[in-house]
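In our numbering, the protein residues as written are 3 to 423.
Glycine included, each C-beta is placed from N, C-alpha and C at the ideal position.
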Ligand code: SF4
């Protein structure tokens, strides 16, 4: 028995509550276990307990051994003077809490509860409940996944909210920054975001009709034009950038931030920057279009961009590739952008406007995108919990990263259902 499990058992009433008695022999009924307190002070607040014929409403402190009361110094702490109940698993030192009623819970806790918990935490499996989760009802799991998705978005959108608060609700700028970070995908998200932040949106907007100037601005600010090139195209970009840099007093980000190693050439940041420039060139009112579009079928054409013709034969400046190929964004990249930028921004916009119908649209958009494929979704699939769509794959990522790998099974609905089954 440990403190976390003991709290969990009390919180979810995982004991036989029919014949409880205080340590002094009075019959006891738990009407309400109380609210778990994560701050300083007693473990559960505002519990409701019936002892004999008296109903007590107050705080409850839990210890696996009653002597912990002394070890934790509660006898000197006024916050523990007026508890309704002291619940212990073992009463190794009687009377430590003075007149406060004591409940010894060990006789009421079934060994299976402890064994099921041990089965979850004492395993080397990557997914501790791999052998047990199939016993949990689908409807319970689906509800948990919905809450996990909300939790994931809440964490993700905290920074976005701050950015909006600090910029007088500049949604176009938020979209520009987030879209740029998304074009960097996992490996180059940070330099891409820095690139966008180094180039205020009003500047590319002024040059949006001229693709070459847009490319010059983005490649120049990325620090990728500071070289002696052989090809005409990068030389032309250099000339454009020299002029624009002086005009707008621009300062590029360090070229060394970009990562090319161990990447497939189609994902090289040089290709992505060319595609991003093409997106800015193509999209006249991208933000309003994105807000009004709630189907993947309609969003795909908005993001279906192709880098300029030089990139048909190059992945990097001055290096001709063997087999030419158009550098379009591709379906999986578009889906990634829908998952990581468009659906969340639609959701955030709806939340800040207070329109629940639009929030629902954002969730439906995610449900219409196929599940992501990565080592975590594959792990779930191998263990008989495949994601059916991107909403579920996002929730399963959240579950694995924040709960399973941290062994937080006691805070997980699946864990609760396994332990109390
Ligand atoms: S956190 Fe939940 S889903 Fe993950 S292993 Fe534990 S019980 Fe299973």
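Local Cβ density within 10 Å of residue i, reported as buried at 16 or more and exposed below that
| i | result |
| --- | --- |
| residue 57 | exposed |
| residue 36 | buried |
| residue 62 | buried |
| residue 340 | buried |
| residue 113 | exposed |
| residue 352 | buried |
| residue 141 | exposed |
| residue 263 | exposed |
| residue 78 | exposed |
| residue 369 | exposed |
| residue 342 | buried |
| residue 245 | exposed |
| residue 34 | exposed |
| residue 93 | buried |
| residue 225 | buried |
| residue 236 | buried |
| residue 27 | exposed |
| residue 322 | exposed |
| residue 96 | exposed |
| residue 376 | exposed |
| residue 143 | buried |
| residue 417 | buried |
DSSP-derived helix/strand/coil call for residue i
| i | result |
| --- | --- |
| residue 91 | strand |
| residue 38 | strand |
| residue 371 | coil |
| residue 353 | helix |
| residue 210 | coil |
| residue 346 | helix |
| residue 48 | strand |
| residue 144 | helix |
| residue 337 | helix |
| residue 413 | helix |
| residue 168 | coil |
| residue 63 | strand |
| residue 29 | strand |
| residue 321 | strand |
| residue 133 | coil |
| residue 430 | This structure cannot settle anything about residue 430, because the visible part of the chain is limited to 3 through 423. |
| residue 1 | For the chain, the structure presents residues 3 to 423; residue 1 sits outside this window and is missing. |
| residue 102 | coil |
| residue 266 | coil |
| residue 330 | strand |
| residue 292 | helix |
| residue 58 | strand |
| residue 255 | coil |
| residue 316 | strand |
CB-CB length for residue i against residue j, believed under 8 Å
| i | j | result |
| --- | --- | --- |
| residue 367 | residue 296 | 6 Å |
| residue 104 | residue 137 | So it is not a contact: roughly 36 Å between Cβ atoms. |
| residue 302 | residue 336 | 6 Å |
| residue 220 | residue 278 | 6 Å |
| residue 188 | residue 273 | Residue 188 to residue 273, Cβ: 16 Å. No contact. |
| residue 206 | residue 213 | Wrong, their Cβ atoms sit about 11 Å apart, outside the cutoff. |
| residue 86 | residue 60 | 3 Å |
| residue 3 | residue 91 | 5 Å |
| residue 385 | residue 129 | 5 Å |
| residue 398 | residue 389 | 5 Å |
| residue 291 | residue 304 | 6 Å |
| residue 231 | residue 319 | 6 Å |
| residue 271 | residue 186 | 7 Å |
| residue 345 | residue 373 | No, residue 345 and residue 373 are not in contact; Cβ-Cβ is about 14 Å, not under 8 Å. |
| residue 441 | residue 276 | Residue 441 falls outside the range modelled here, since the chain spans only 3 to 423, and no answer is possible. |
| residue 122 | residue 411 | 4 Å |
| residue 30 | residue 52 | 7 Å |
| residue 135 | residue 420 | 7 Å |
| residue 196 | residue 259 | 7 Å |
CB contact below 9 Å: residue i versus chain B
| i | result |
| --- | --- |
| residue 64 | Of the protein chains in this structure there is only one, and it is not chain B. |
Residue i beta carbon near the ligand GDP (any heavy atom closer than 8 Å)
| i | result |
| --- | --- |
| residue 167 | Looking at this structure, you won't find the ligand GDP anywhere; what it does contain is the ligand SF4. |
- Residues near the ligand SF4, criterion Cβ-heavy atom distance below 5 Å: 130, 131, 405, 406, 411, 414, 416 and 417
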